[in-house]
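When we follow the numbering used here, the leftmost residue of the sequence shown carries the number 49, and every step to the right adds one. The beta-carbon is built from N, C-alpha and C at its ideal position, and this holds for glycine as well. All of these numbers come straight from a predicted model, not from anything done at the bench. In what follows, a structure is listed as structure tokens, so that the remarks can point back to it.
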Amino acid sequence: MNIKWLSIAVGILLLLGILNVWTYDYYTILRWAVCGVAIYNAIGYSKSNLTGWVFIFGGLAFLFNPLFPVYLNKSSWVGIDLISAVLFFLSANSIKPKK
Numbered sequence: 049m050n051i052k053w054l055s056i057a058v059g060i061l062l063l064l065g066i067l068n069v070w071t072y073d074y075y076t077i078l079r080w081a082v083c084g085v086a087i088y089n090a091i092g093y094s095k096s097n098l099t100g101w102v103f104i105f106g107g108l109a110f111l112f113n114p115l116f117p118v119y120l121n122k123s124s125w126v127g128i129d130l131i132s133a134v135l136f137f138l139s140a141n142s143i144k145p146k147k
């Protein structure tokens, strides 16, 4: 699957997470998805020497990592989810397809 579409999908999952109607299982899956795609994006951007994006997605991978979770209150997560979704959408638009 194309990384552009993975970034868009994760952005949508993050926006859905803001709704606060999901079980804990949804947020566990969300952590795995965000962390995995963030690592994948960071690696891709490091190969393109786009250091800013590498640090952004490295930070997101750390924040959403499912193995050593960061625990914050719900209102903090709403803001983080919203900002993270915007970052994933922006990165999807900055990814150039291979020719």
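query                                                                                                                                  : result
Contacts around residue 133, its chain only, beta-carbon distance under 6 Å, and the 5 residues preceding and following it disregarded : 59, 62, 63
Three or more C-beta pairs below 8 Å linking the segment 113-125 and the segment 88-101                                                : no
Under the three-state DSSP convention, the category residue 55 falls into                                                              : helix
Candidates 140, 135, 125, of which the one nearest residue 75 by Cα                                                                    : 125
Residue 148 and residue 86 closer than 9 Å at C-beta                                                                                   : Examination of residue 148 is not possible in this model, given that the chain is present from 49 through 147 alone.
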